[in-house]
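For the sequence shown, the residue numbers in UniProt numbering are 1 to 327.
Every residue, glycine too, gets a C-beta built ideally from N, C-alpha and C.
The structure appears right after this line, and notes come after that.
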Amino acid sequence: MVTARLPITDALRTLEDQFTGTLQGAARGVREGVESGAGLAASFARYPLVFDPLYVQLVRVGETAGVLPDVLNRLAGYLERAAALRRRVRLALVYPAVVLVVAGGAVGFLLAFVVPTFAAMFADFGAELPGPTRFVLAASQALITGGPWLIAAGMGLAVAGQRWARTPAGDRTIEGLLLRLPVLGPLLRGALIARFCRTVGTLVRGGVPLVEALDLAAGPGAPPRSADAAQALADGLRKGGRLRDSLLRESLFPPLVIQLLSAGEEAARLDDVLLILAAKYEEETDGAVDALAAIVEPVLIVLLGLVVGGILVAMYLPMFDLASTVH
1 MVTARLPITD ALRTLEDQFT GTLQGAARGV REGVESGAGL AASFARYPLV FDPLYVQLVR
61 VGETAGVLPD VLNRLAGYLE RAAALRRRVR LALVYPAVVL VVAGGAVGFL LAFVVPTFAA
121 MFADFGAELP GPTRFVLAAS QALITGGPWL IAAGMGLAVA GQRWARTPAG DRTIEGLLLR
181 LPVLGPLLRG ALIARFCRTV GTLVRGGVPL VEALDLAAGP GAPPRSADAA QALADGLRKG
241 GRLRDSLLRE SLFPPLVIQL LSAGEEAARL DDVLLILAAK YEEETDGAVD ALAAIVEPVL
301 IVLLGLVVGG ILVAMYLPMF DLASTVH
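See below:
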């Protein structure tokens, strides 16, 4: 709207009419701040829960340089790409978990409702049951007896785990564990590099000094691993070191990234290199998510088939033994 030369207050009033709740209140407050003579960045800064410091700094630079429409367009593109990347990574993490839950539910249904019907029939045989059958019957009985307790404990652990995951320590621990996984680890690492490069590249291109851009990239809401890397790079530059030297000390970045960023620093085109790397790793993350989804589904289906088939075979083994005895 600002690019179309609509006054900023009119654009904010339009957004105010479209939003509800907290966003509507923030849009109204920003509009009133601008109308009272405060700058857009200063008005944004009054709502830190809605507007990240990164957005505030970019807008402040745009206001100072007189290129606010360009900065807002750049910020909108950054937010769209960041949201798309988050969706793809979330899909990679959630999809296998959902399939496992469905598979576990199917196995639980068999053990809780199907296997007991066989148990009643086997009780009339009066013969010793095969080992696999006894194991499945024992698992069924354990599930029926302790099922309510297992469900309650599982729900309690899920709630506690969710709350813990939202804490800084939990977020850092979970991210560290995911980065060590064979398949998800490289995918998540690529997503972290893409986010880092996109954030810092957008800020530097918008006119924010590199050290300040790195500080903002390490700010609240940033993934712990990339935040640590950004802060270490900023500290190294503040001490007078070169970007390359700080990059070499960070295990997050592969040699290609270090080489290209070092070349970009020397050629004074660091923003271009950062955004090129961001696009590269975003594309690779998309491809990795698609490949993971294509692999996980058939593998889990095969595993589910083996488990269900094993349960059914265990249930029919006594009948085969009985038939052999009769013959």
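For Tyr78, the enclosing alpha helix (DSSP H) stretches over residues 68–109.
By the Cβ neighbour-count rule, Ala222 is buried, with 16 or more other Cβ atoms within 10 Å of its own. Boundaries of the alpha helix (DSSP H) harbouring Asp245: 243–248, taken from the DSSP string.
Looking only at Phe320, Leu304, Met315, Leu300, the smallest Cα-Cα distance to Tyr95 is reached by Leu300. Straight through space, the alpha carbons of Arg81 and Arg31 are spaced by roughly 27 Å. Taking each of Arg242, Glu175, Ala288 in turn and checking the Cα distance to Glu266, the smallest one comes out for Arg242.
Collapsing the DSSP output to three states places Phe51 in coil.
If you check the CB distance, Ala229 and Gly219 do not come in under 9 Å. Pairing Ala112 with Ile258, the inter-Cα distance amounts to about 56 Å. Contact annotation: Thr202 and Arg74 have beta-carbon atoms nearer than 9 Å.
About 6 Å separates the Cβ atoms of Leu274 and Val200, confirming a contact at the 8 Å cut-off. Cβ-Cβ distances below 8 Å link Ala217 to Leu54, Phe196, Thr199, Val200, Leu203, Ser226, Ala227, Ala230 in the same chain, with the five nearest sequence neighbours on each side left out; the list follows chain order. The beta carbon of Asp52 is closer than 6 Å to none in its chain, skipping five residues each way along the sequence. Taken in chain order, the complete alpha helix (DSSP H) segments of 4 or more residues contained in the UniProt domain "Type II secretion system protein GspF" (196–318) are 210–217, 224–238, 243–248, 255–266. Taking 9 Å as the cut-off, the beta carbon of Thr22 is found closer than this to the beta carbon of Leu49. Approximately 6 Å separates the beta-carbon atoms of Leu188 and Leu179; this is inside 8 Å, confirming the contact. Relative to Leu292, the option among Gly236, Gly77, Gly185 whose CA is nearest is Gly185. Per DSSP, the unbroken alpha helix (DSSP H) holding Phe118 starts and ends at 115–123. Three or more pairs of CB atoms, one per stretch, sit closer than 8 Å, so the segment 97–111 contacts the segment 304–316. With 16 or more other Cβ atoms inside 10 Å of its own Cβ, Asp271 counts as buried.
Distance from the CA of Val183 to the CA of Val98, rounded to the nearest whole angstrom, comes to 17 Å.
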